[in-house]
Each structure stands twice: as structure tokens, then as C-alpha cells.
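This report concerns only the one structure given below.
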Amino acid sequence: MMFVDEEEPPNLVDVTHPSASAVANPITSRLQDISLAKVPLTIVTGYLGAGKTTLVNYILKEQHGKKIAVILNEFGDSADVEKALTVTQDGQETQEWLELANGCICCSIKDSGVNAIESLMSRRGTFDYILLETSGLADPGNLAPLFWVDDGLGSTIYLDGIVTLVDAKNILLSLDEMPVEGKGDAEHEGMHMTTAHLQISHADVIVINKCDSVTPEQLGTIEKRIAGINGLAKIHRTQYSQVPKLESFLLDLHAYDGVESLDAMSKGHSHLDPTISTIALPLPPLTPRQLSSLESWLRSVLWESILPVVPIPGHDSESESAFAIHRLKGRIFTTTDTVKMIQGVREVFEIVDLDRGRSDGKGMESKEEGKLVLIGRGLDEDAFGRSLRARLGAA
Amino acid sequence: MAEVVTGAKNCIGVGCPKDAGALQCPTCLKLGKESSFCSQDCFKRSWSEHKSVHKSGSIALHNPFPTFPYTGPLRPIYPLSERRTVPESIPHPNYAKTEGGNPNYKFAARNSITCLDKKQQAGMRKVCRMAREVLDVAARELKPGVTTDYIDEVVHKECIKRDSYPSPLNYSGFPKSVCTSLNEVICHGIPDQRMIREGDIINLDVTLYHGGFHGDLNETYYIGEKALKDRESVRVVETARECLEEAIKLVKPGMAFKDPGTVIEKHAKSKGCGVIRTYCGHGINSLFHCAPNIPHYDKNKAVGIAKPGMTFTIEPMISLGSFRDKTWPDDWTSVTLDGSRTAQFEHTLLVTEDGVEVLTARLADSPGGPVEMPPELKADGEGAANGASDK
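Protein chains in written order, with the working numbering: chain L, 1365 to 1759; chain S, 97 to 487.
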């Protein structure tokens, strides 16, 4: 049927490919590899009823000129279902379907959710901001590594930070309740840790909502308890999920590419929560050898869950206490006059150069001390400090 | 310029020695074939012979996604052959019969990596050696005129001969028993009716499942003198080969899984090549893919340290141009975004007490292997079309 006229040869057709001109042009190729402006993604967590949806709606209203995508529920956990995503701009909502490729998930390095968002943006135009609203029982520590994409991957999205909402009326109860059966992995078994702990310990910002429902004294207690768990996060008190300003309060935090708030720890802290706490370890200016010692210490602590033990005469040299690191931040000054930043969530961490070095002429900075801040379960500040000092001293 | 990377096509006119330009037979195009001629006159002279091509096979060959914006000259040529079967007597992996080939691997923590005992290591050694044999048999069949589907048939039969299941078959729904990735295809190419041509480069990625373990390797091969004389093809293939060799030199107990990427990207850059980011090396044992992930690019945050008894692959994918990839609508075939050529090599490795054992190492008579960079041709005719832009 297709072979109508086989007697006479038809005219040849010219198939010069439009993209062919780009093929061997290294400049074009390089340009394609330079990623354009990246879109921030903020994870919003909190118990059911804490006010996540109210907060998201508040953000959409306040940022009405922007094109904001809202993704609901636990995204990284299921690769098999299609997921809906709502894009809002100027009060107009549109639903989009994220196409989660069923390709080789295991050997593809990017999370399929990240891929799906990227491909949607390349088809339908980029967003200004992405909000990921998790389910009430989500452990943000499982989600964060998925969206903390390697720089080398040149992704068009980046993890800006984690915002956790807590309900002032219920949060203390939530922290003291027994962990939900079957929830949480073996790592957490036997420890008195709730989803509320996980949502607070991984947070970069904690919004205490419904403050009008408790007394000022109660509010003070709540705030202390939360700060005892997570000494790094900024804490805001609100009613009706409204915060005075969004930028750098909730959005555009750059929680994973800067270390602004380490000094919050210097005002002292207490172990008000029996389970999770924040500890700060001072770091002297490090030599290149000490820097690699620090890295190997972190590998042991984060990857093997082993605190390198310092033998003390007359003591058992075994460290038997179980611990787990949820979040990690640090600033390192080196003897070669550079500043580096440490970022980590769960077992994933990186040490990178900090852009704003001492070149900005601030004499204050050079007096500032390096510091490593750890948030997690079973952290003994003395033992960790000893272990780290010994490792650095041995270098 | 375009032809520098894609390789000049020969005019397929009868007895014509010239290169073809962008002129193609429209009937073949409709059939999803590519028949390039140097001129209408030459096409006219060849017509009585050429038109028989249109009739071969009762089911017309076709491009299943005619509207897809392909990034380079390669097209899928369907129909795919019938699904091949594996005798029931051969143990199947769990995904062989599940819906969509979902392996249902449990989410394992990034830092929980299996260390195999001596007996399990022997199992890995055996399946990897067989995978090497199957790859070598298939590679010997590579020549102009055979289809990638024929290579699939060879691989499938050789697996069965060795009482092994071809691991790719139905893995997450993959329809064939081997991945055949030509020219601009980075990986996961599906064997179809495309004929292998003089001047192509092709990667064969073979994995066997035997005795409860998977063994995984791949190599890229040159098709004919034309490919061996194309400096750009040699540059990308040899760079990929060297990147894998450099990375393997690092492997010993204590190596961090983030380190190979640094070495691979550095070497690729020194040869003016890019590193594909999307796909990474992976743990392999009783599971086809598991922890650890081993990225091939610098500045990654991979978790974990190599310990004796761990088995994993390193499999750098190197491109002449962009490192960005695009996937065909078949949901598998991954190609470079700019259509430039790309090459890959892979071994399955075992961490030993003091170093590494390459479980899928080449044998004395393995086909392929490194080649020298061909001399630059002077700019007279063919030279202008080949490698003129080499720096």
C-alpha cells in the first residue's frame, strides 16, 4: 500500500537535521551544560492539624505574582504511581501530572521525583518556587537527601530548606507520646522518639502555630523544649500560620548552601529533651591533614555509626552508646586562610569552600572560631568532643 | 561540521565510492530506514536494485515514534522481535515474571552494603566469568549488516547454554536480553531491526544471573576500519576505556565511593570529553542493582567506604559533547542531548583484603581492546569530513 509507484524513483529528500549544527560545536554543548537559574524547593512538614495547608495557602496568597508549584504527600517513597502537582499563579490553579519514569530506577542516580519535576518544568516552563507538603507522619530526613541534589548533576531544582509546623497546644503531648507502632526503622527501635522529634530535629525553621491557644508560660516551655532538640533552627511564633515576612524566614533560606546561624548555639543550651539534642564542638584552624582527619571522623560517625574511641587509662575503651545524627552543620577555618562549610543530613554530608571568605575585610571573621554542630539522638557532647579532638590531635 | 561527529555516510548507490550528503530515499524514510545517496542521478541509476529493499520482510519496518525530536541521526527500527523465552529449568530472578518487571527491591539504607563471604564470592566469580564469555561471543558477531536484534539472539542463546538467565530481560520491563547502544546512545539501547554499519561504535551491556548472583559488564566496539580511522570516535571510546582503568586503580579497602567520580571526571576533561551524570555504578550481588551508588562525576556526596567482600560495578559513560541526556519514548534508550557520540565500559569488581579483583576481566582472546589514535588526515575529501576539529 505504501509502495504505490515502484516504477519510477521518487525524488530524494533532504534530511538535514536541525540540531545537527549543534552536534560538534563544543561551545553550544558547554552552554547546554551550564544550568540556568535553579528553582528552590522547600519541604513543609508537621503533624496533621498543625497548619501545613493553611501555611501553604498563606504563602500562595502572599506570593501571588509568582508561579508556585505545590506537591502533596510523601513523594520520594513511591516511584510507582503518578503524582499530581498543583501550579498556582495569580490565584489560578492548574493541575499537572508528574510523569515518573519507570526506567531503571536503581541505577539512575537522580530521584525519579526530581526527574519528574525537571521534565515538567522543561515542558511547561519553570516555576518560581516549589513547596513540598508532606503527610503528617513523614520523616523529613528520608526526603531531604533526595532533593539535596549533587551540584555535579546540574539539576534545575535545589533543596532550600525544611520548615516544620508545630501546634502549640499539642506539641508537648506529641513529643512525649510513645512512637507509632511499625513506624520508623530498626535504627529507632527501643528509643523514645516520635515523628514529632524527627520533624523538629531535621527542621531549618520551626513555626510554632496556634500560639493563642496556650499561655505565655506554656509557650516559653514549648520553645525551650524545641530549642533543646534543635539548637540550629530559627523558631517563629504565629497564629493562623502567618509569619511577618516570607523571604529568609520561611523561603529562600539557603539552609543547605550557607551556614549563617551557627552562632545561635553560643548562647548555651540544655538537654531538655531526653531523646534528641544539639551539640556544638569547637574546631581550631585546621591544617590540610587535620581536614582529612575530620572527614574520616565524619565518615566513621555518619556512615558506620561508630564514634572513634579515645583510650583512657583505667577505662573501658569501648563506646557502647547508640547514636544517630539527623542534621549537621559546620564552619571550618583552615591554616591556609580559607573558610569551608560542612553540611549534612542523615548519612549524607559534604565539605565545600565557602564563597564569602575573609576577603570582605571584616576583621571580626578571623577571630571567629570554627564549629561543628550536630543534631541527633544519643549525643554526648563530652564524648564526641574528646573523640574529635583526639582524631585531630593525632593528625 | 555535523558530519565530524556523526561520521560521514557512504552513498549506498550501486558501486558509488562517494560520501552521501543529506539526501535520502523517501520510501525508506517512511519505512523508518535510512538510505542516503550522493545525488538524484546516482539514486536513479541504483533504483532497480534499491527498490527491492522496500519489500524485504512482510511487516514494514518503521520508526515507532516518528514525531519525537531525536537528538542525533539514530532511529529505532521496529517491530521488535518476539519476546524470547528462558527454559523453566533455569532459575529466574524475582522480577522475571512480575508485573512490569518490578524487582521490588526493599529500600535499603545508603550505608548498608553487603559484604560477601568466600562462598558467595566464588558464586560472583563464576557468573562474572560467564558474563565475560557471553559478551565476547556476541562481540565476535558484530559486523556491518547484522541487526542489533541478531546480537540479542546470540546473547540470549549463549546465556541459556550456560544455564543462566539474561538479567536485563523484563528487568523493570526491559524487553530484551542485552542492551545495544549505538553511537549517540549512552546506555539501555533496545535491540531492534537497525543494521550495524561500517563506522558505527556500539556498546554491548551483558548481565547474567546464575547460581543466585548477577554478573555485569559492558564494552564499546568499533565497527570496521571506518570507525577505527575516525579520530573523534577513537577519542571518546579510548577515553571511556581509560576512565574505567583509572577508577579501578583506586579500589581497595578504605576507598570512599565518592572518589572514583573525581578521577573519572578529571581524566575525561583532560581529553576534552564530558561525563554523563544520570547513570552510576552500583552494588551487585544477589540483586542486580543495590547499594552503593557510585557516581562517575566529581563533587558528589556518595555514601560509604569499600570493604573486603563488597561487589559493585564502575561503568563510566563518556561523551564528546554535552553531558546531558534525553530518553526516547521507549522509556529506556538514553541519548546525548546534542547527539554527539558516547562510549562506555564496565566491570564488576570485588574488593579484596588488599586491593581489587576484576571479576569480569578480559580474557587472552577477548575481542576489542584499546586502539591507537589514527593519524590526522589531510584536508582532501575524506579528511575534511573526519576529525578536522580535533584540538
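Quick reminder that beta carbons are idealized off the backbone N, C-alpha and C, glycines included.
TODO: Could you tell me whether any Cβ in chain L is nearer than 8 Å to the Cβ of Ile-401(S)?
DONE: What you label residue 401(S) is simply residue 305 of the second sequence in a count that begins at 1. Ile-401(S) counts as touching chain L.
Task: Cys-386(S), enclosing alpha helix (DSSP H) - first and last residue - done: Position 290 of the second sequence holds residue 386(S). Premise fails: Cys-386(S) lies in the beta strand (DSSP E), 386-390, not in any alpha helix (DSSP H).
- [ ] Could you tell me whether any Cβ in chain S is nearer than 8 Å to the Cβ of Asn-1375(L)?
- [x] Translated into positions along the first sequence, residue 1375(L) becomes position 11. Closer than 8 Å to some Cβ of chain S, the Cβ of Asn-1375(L) qualifies, so yes.
Task: DSSP bridge partner residues for Gly-1734(L) (one or two, in chain order) - done: Residue 1734(L) sits at position 370 when you count from the first residue of the first sequence. BP columns for Gly-1734(L) point to Leu-1647(L).
- [ ] Tell me, please, whether the CB atom of Ala-457(S) is closer than 8 Å to any CB atom in chain L?
- [x] Taking the first residue of the second sequence as 1, we reach residue 457(S) at position 361. By this cut-off, Ala-457(S) is not an interface position.
TODO: Leaving out five residues on either side along the sequence, give the residues of the same chain with a beta carbon under 7 Å from the beta carbon of Arg-1488(L).
DONE: Residue 1488(L) sits at position 124 when you count from the first residue of the first sequence. Answer for Arg-1488(L): Glu-1460, listed in chain order.
Task: Meets three-Cβ-pair contact criterion under 8 Å: the region 1515-1523 of chain L and the region 1477-1494 of chain L - done: yes
Open item on the list: Check whether chain L comes within 8 Å of Lys-397(S), counting only Cβ atoms and requiring the distance to be less than that.
Closed with: Working through the second sequence from its first residue, we reach residue 397(S) at position 301. Taking Cβ atoms only, chain L reaches closer than 8 Å to Lys-397(S), which makes this a yes.
Open item on the list: Can you tell me whether Arg-1695(L) is helix, strand or coil according to DSSP?
Closed with: Here residue 1695(L) refers to the residue found at position 331 of the first sequence. Here DSSP, grouped into helix, strand and coil, assigns Arg-1695(L) to strand.
TODO: Could you name the residues of chain S that Lys-1713(L) contacts, counting a contact when the two beta carbons are closer than 9 Å?
DONE: Counted from its first residue, the first sequence places residue 1713(L) at position 349. Residue identity differs from the one stated: residue 1713(L) is Phe in this sequence, not Lys. Chain S residues near Phe-1713(L): Lys-397 and Val-399.
Open item on the list: So if DSSP puts Phe-419(S) in a beta bridge, which residue, or which two residues, is it bridged to?
Closed with: Indexing the second sequence from 1 puts residue 419(S) at position 323. According to DSSP, which records beta bridges pairwise, Phe-419(S) is partnered with nothing at all.
Open item on the list: Which same chain residues end up closer than 8 Å to Pro-1649(L) when comparing Cβ atoms and leaving out the 5 residues on each side of it in sequence?
Closed with: The residue given as residue 1649(L) occupies position 285 in the first sequence. For Pro-1649(L), where only same-chain residues beyond five positions count, the Cβ hits under 8 Å are Phe-1697, Thr-1698, Thr-1699 and Gly-1734.
Task: Best match in Phe-270(S), Val-233(S), Gly-350(S) and Glu-453(S) for proximity to Cys-255(S) [C-alpha to C-alpha] - done: Stepping through the second sequence from its first residue, residue 255(S) is reached at position 159. Nearest of Phe-270(S), Val-233(S), Gly-350(S) and Glu-453(S) to Cys-255(S), Cα basis: Val-233(S).
Open item on the list: Going by DSSP in three states, Cys-339(S) sits in which element: helix, strand or coil?
Closed with: By one-based count along the second sequence, residue 339(S) stands at place 243. Helix at Cys-339(S).
Task: For Cys-121(S), the nearest candidate out of Gln-136(S), Asp-115(S) and Pro-113(S) (CA to CA) - done: Here residue 121(S) corresponds to residue number 25 of the second sequence, with the count starting at 1. Selected option, being the one with the closest Cα: Gln-136(S).
- [ ] Identify the contact partners of Gln-289(S) in chain L, using a Cβ-Cβ distance below 8 Å as the criterion.
- [x] The residue you call residue 289(S) lines up with position 193 of the second sequence. Residues of chain L passing the Cβ test: none, with the nearest at roughly 17 Å.
TODO: Specify, as a first and last residue, the run of the beta strand (DSSP E) that Pro-1404(L) falls within.
DONE: In the first sequence, the residue the question calls residue 1404(L) occupies position 40. Residues 1403-1410.
- [ ] Kindly give me the distance between the Cβ atoms of Cys-134(S) and Lys-114(S), rounded to whole angstroms, as I take these residues to be in contact under 8 Å.
- [x] For the purposes of this step, residue 134(S) is identified with residue 38 of the second sequence, where counting begins at 1. For the purposes of this step, residue 114(S) is identified with residue 18 of the second sequence, where counting begins at 1. Between Lys-114(S) and Cys-134(S) the Cβ distance is about 4 Å, and since that is below 8 Å, they are a contact.
Open item on the list: I'd like to know if Pro-113(S) contacts chain L, where contact means its C-beta is closer than 8 Å to some C-beta of that chain.
Closed with: Position 17 of the second sequence, counting from 1, holds the residue named residue 113(S). No, because no Cβ of chain L sits closer than 8 Å to the Cβ of Pro-113(S).
- [ ] Scan the region 1556-1638 of chain L and note each continuous alpha helix (DSSP H) run of 4 residues or more that stays entirely inside, going in chain order.
- [x] Under the rule that a run must span 4 or more residues, the alpha helix (DSSP H) segments found entirely inside the region 1556-1638 of chain L read 1559-1565 and 1580-1593.
Task: Chain-order list of residues whose beta-carbon lies under 7 Å from that of Gly-1413(L) (same chain, five-residue window excluded) - done: Translated into positions along the first sequence, residue 1413(L) becomes position 49. For Gly-1413(L), where only same-chain residues beyond five positions count, the Cβ hits under 7 Å are Asp-1531.
Open item on the list: When you compare the CB positions of Asn-396(S) and Leu-212(S), do they come within less than 8 Å of one another, or not?
Closed with: To locate residue 396(S), count along the second sequence from 1; it is residue 300. To locate residue 212(S), count along the second sequence from 1; it is residue 116. Not in contact: Asn-396(S) and Leu-212(S) (Cβ atoms no closer than 8 Å).
Open item on the list: Using DSSP's beta-bridge definition, name the partner residues of Gly-1505(L).
Closed with: As a first step, residue 1505(L) is located in the first sequence; it is residue number 141 there, counting from the start. The partner list for Gly-1505(L) (beta bridge, DSSP) is empty, contrary to what the question assumes.
Open item on the list: Less than 8 Å between CB atoms is the rule here; does Arg-1741(L) satisfy it with respect to chain S?
Closed with: Along the first sequence, one-based indexing puts residue 1741(L) at 377. So, not an interface residue.
Task: Inter-residue Cα distance where the pair is Ile-1599(L) and Ser-436(S) - done: Here residue 1599(L) refers to the residue found at position 235 of the first sequence. Here residue 436(S) refers to the residue found at position 340 of the second sequence. Whole-angstrom Cα-Cα distance: 51 Å.
TODO: Pull up the distance between the alpha-carbon of Gly-1632(L) and that of Leu-383(S), whole angstroms please.
DONE: As a working note, residue 1632(L) is residue 268 in the first sequence. As a working note, residue 383(S) is residue 287 in the second sequence. Since pLDDT at Gly-1632(L) reaches only 48, below the 50 mark, its modelled position is unreliable, and the value read off the structure follows with that caveat. Roughly 49 Å between the two C-alpha positions.
- [ ] Excluding the 5 residues preceding and the 5 following Arg-171(S) in the sequence, name in chain order all residues of the same chain whose CB lies nearer than 8 Å to its CB.
- [x] Within the second sequence, residue 171(S) is the residue found at index 75, counting from 1. Counting only Cβ-Cβ distances below 8 Å, and skipping sequence neighbours, we find Gly-128, Glu-130, Asn-159 and Arg-290.
TODO: Under 6 Å Cβ to Cβ from Val-1623(L), same chain only, skipping five residues before and after it: list those, please.
DONE: Along the first sequence, read from residue 1 onward, the residue named residue 1623(L) stands at position 259. The residues are Lys-1693, Arg-1695 and Met-1705.
Open item on the list: Our contact map puts Val-1434(L) next to Leu-1495(L) with C-beta atoms below 8 Å; I'd like the distance itself, whole angstroms only.
Closed with: The sequence position of residue 1434(L) within the first sequence is 70, counting from 1. The sequence position of residue 1495(L) within the first sequence is 131, counting from 1. Going by Cβ atoms, the distance from Val-1434(L) to Leu-1495(L) rounds to 5 Å, so yes, they are a contact pair.
Task: Residues bridged to Asn-314(S) [DSSP beta-bridge criterion] - done: Here residue 314(S) corresponds to residue number 218 of the second sequence, with the count starting at 1. In DSSP, Asn-314(S) forms a bridge with Asp-301(S) and Glu-442(S).
Task: Length of the line joining the Cα atoms of Ile-1593(L) and Ala-1401(L) - done: In the first sequence, counting from the first residue as 1, residue 1593(L) sits at position 229. In the first sequence, counting from the first residue as 1, residue 1401(L) sits at position 37. The alpha-carbon atoms of Ile-1593(L) and Ala-1401(L) are separated by roughly 35 Å.
Open item on the list: Please report the distance separating the alpha-carbon of Gln-1453(L) from that of Tyr-1620(L).
Closed with: Taking the first sequence and counting its residues from 1, one reaches residue 1453(L) at position 89. Taking the first sequence and counting its residues from 1, one reaches residue 1620(L) at position 256. In a straight line, the C-alpha of Gln-1453(L) is about 27 Å away from that of Tyr-1620(L).
TODO: Take Phe-164(S) and list the residues in its own chain whose beta-carbon comes closer than 7 Å to its own, dropping the five residues that flank it on each side.
DONE: Here residue 164(S) is taken as the residue at index 68 of the second sequence, counted from 1. Excluding residues within five positions, the ones whose Cβ falls inside 7 Å are Trp-424 and Pro-425.
Task: contact_flag[the region 306-316 of chain S, the region 454-467 of chain S] where n(CB pairs < 8 Å) is 3 or more - done: yes
Task: Inter-residue Cα distance where the pair is Gln-1563(L) and Thr-1409(L) - done: Numbered from its first residue, the first sequence carries residue 1563(L) at position 199. Numbered from its first residue, the first sequence carries residue 1409(L) at position 45. About 7 Å.
Task: Among Val-223(S), Gly-285(S) and Thr-181(S), the one whose alpha carbon lies nearest that of Thr-244(S) - done: For the purposes of this step, residue 244(S) is identified with residue 148 of the second sequence, where counting begins at 1. If we check each option's Cα against that of Thr-244(S), Gly-285(S) comes out closest.
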